Amino acid sequence: MAKFVPDVKTQRWIVISQVRSDRPDDLRKTNGAEVTDKQTGKCPFCYGNEKMTPPEISRVGDGEKEMPGWKIRVVPNKFPITDTHEVIIHSPNHEKDIEDFELPQVIHLLETYRQRFQIHSSEGQVMIFSNHGEHAGASLRHPHSQLVLIPKQINLDALVREPIQNVVDDNTYFVTYCPDFSQWPYEVWIAPKKEGTVFGDISDEEIKDLAEVLQRSLKRLKIKYEHPTVKNINTTGVFAYNFYIHHAKSWFLRIIPRLVHRAGFELGTGLSVNTVDPTTAAQELTEIEV
């Protein structure tokens, strides 16, 4: 069971969850070979390995529970941060992620996010996030997202929606931009044009728009990672990113490319050093054709 510990002088909290240390790590290398499940050497999220996960909660696609035929699976996290912690497996494909999918798969994924958000929203604060790549904190290579439910009484030290500046992309329901308050190089926010709503309120038409701008944003960032000017600041060497969906009203989706590591100055002061001006970042991303 997770334990929440408050700081005695502020409204910040930490979570003590010892089971997290037992997670598998297939992004770690041993003698040049990838490591997957510690016991079997197999990826528990791949087709045919369905019985390696905890009992399935829901799926998109065909087939019976714990059997192939699915497009997206939702299972409990075997190594939870909190008492309710789900894994959303993006597809049966071990390598492809949102930036590589056909658009209908992205739509199915966002519909799954909405369904899981709506199911849990009355129980606490719902945080949906994805870690892509080792430097973004992923422990398994197979693309997946996670949903964590946090008690309502826990104060989350989270950003609220930043003003829309430095626009990269725009469609009927959403705008993509690099806010002036960007803590990371080429950080991208996607915000609905309708304010005052929570993610669970999103309509089918809005999901289609969000799928398009989310995929375009990740494609642009993937191309940017390979650009010679970015290679000069890329201290991680691989395409890695996090994104999360804000849990409360006036929600947004924030994409954080992991081009740099945080070091002593940032950790000691709470100040972030961004080596790319957000205005420049937006201009460069806008110029990339996808």
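For the sequence shown, full-length UniProt numbering begins at 1 and goes up steadily by one. Idealized CB from N, CA, C, for every residue including glycine. Just so it is clear, the structure is predicted and the values come from calculations on it, not from any experiment.
Legend entry - Proximity below 7 Å, CB of Arg114 to CB of Ser250: no
Legend entry - CA-to-CA distance, Gln105 to His120, given in whole angstroms: 23 Å
Inset, instruction - Kindly list the residues whose CB is nearer than 6 Å to the CB of Trp13, restricted to its own chain and excluding five residues on each side of it in sequence; keep chain order. - result: Phe4, Pro6 and Ile154
Legend entry - Residue of Leu109, Ile128 and Ser139 minimising C-alpha distance to Phe79: Ser139
Legend entry - Thr269 versus Gly196: straight-line alpha-carbon distance, rounded: 32 Å
Inset, instruction - State yes or no: is the C-beta of Tyr173 within less than 7 Å of the C-beta of Asp209? - result: yes
Legend entry - Helix, strand or coil at Ile288 [DSSP, three-state]: coil
Legend entry - Inter-stretch contact (C-beta, 8 Å, three-pair minimum) for the stretch 238 to 248 and the stretch 120 to 138: yes
Inset, instruction - Look at the Cβ atom of Ile72, then the Cβ atom of Val60, and state whether they are nearer than 7 Å. - result: yes
Inset, instruction - Below 7 Å CB to CB, which residues in the same chain sit around Thr279 once its five sequence neighbours on both sides are set aside? - result: Asn166
Legend entry - For Ile150, the nearest candidate out of Val8, Asp277 and Val15 (CA to CA): Val15
Legend entry - Span of the alpha helix (DSSP H), counted from its first residue to its last, around Thr176: Taken as a continuous stretch (DSSP letters only), Thr176 belongs to no alpha helix (DSSP H), being part of the beta strand (DSSP E) at Phe174 to Tyr177.
Inset, instruction - Could you tell me how far apart the beta carbons of Ile245 and Leu214 are, in whole angstroms, since I believe they sit closer than 8 Å? - result: That pair is no contact at about 10 Å.
Legend entry - Per-residue DSSP class, three states only, for Asp157: coil
Inset, instruction - Drop a sphere of 10 angstroms on the beta-carbon of Phe199, count the other beta-carbons inside from all chains shown, and report buried for 16 or more, exposed for fewer. - result: buried
Inset, instruction - Note down the Cα distance separating Val19 from Glu111, rounded to an integer number of angstroms. - result: 30 Å
Inset, instruction - Determine the direct distance from the alpha carbon of Met127 to that of His227, and round the result to whole angstroms. - result: 32 Å
Legend entry - Complete runs of the alpha helix (DSSP H) confined to the UniProt domain "DUF4931" (34 to 148) [at least 4 residues]: 103 to 120
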